[in-house]
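Numbering (this note's numbering), first residue to last: 438 to 542.
Okay, so here's the structure we're looking at.
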Amino acid sequence: MLGDLFDSPWKILIIAVVVLVLFGSRKLPDAARSLGRSMRILKSEIQDLHEDDANGTQAAQAQPQPAPPQQITAPAPSVPVTPAAPAAPPAGVPVPEVQQDTRPV
């Protein structure tokens, strides 16, 4: 697909003119410089990833894996636990009064 696009010098010239018209002659050097910086950053990050991966596999082979932690269960209480009484509302908070149902049964 891209091979067909660049098979003729006329096609390359037309694409170059269109890019020059779209971006202008002043913006093209800045765009090319920015693209070059981005490519250098990408290349160095990929290289760092490969180095980290190589160092990580060597370190993993050198160090044994730690055993998974064991769960510790609490012993059963010897004294039965009774639920706590409901807490009293804070001072100044109105408490709704409970009304008894007075309807006949």
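Cβ coordinates follow ideal geometry from the N, Cα and C atoms, glycine included.
Under the three-state DSSP convention, the category residue i falls into
i    : result
P541 : coil
P473 : Correcting the residue type first, residue 473 is Gly in the shown sequence and not Pro. Here G473 sits in helix by DSSP.
E482 : helix
E488 : helix
P531 : coil
Residue i versus residue j: straight-line alpha-carbon distance, rounded
i    : j    : result
E482 : L465 : 26 Å
V454 : H487 : 40 Å
G529 : Q507 : 49 Å
G407 : R474 : Past the edges of the chain, shown from 438 to 542, lies residue 407, and the structure says nothing about it.
P541 : P533 : 24 Å
W447 : D467 : 26 Å
I452 : R477 : 25 Å
Q537 : P531 : 19 Å
Where the alpha helix (DSSP H) containing residue i begins and where it ends
i    : result
V458 : P446 to F460
Any non-hydrogen atom of the ligand ZN within 7 Å of residue i CB
i    : result
G529 : The ligand ZN is not among the ligands present in this structure, which contains no ligands whatsoever.
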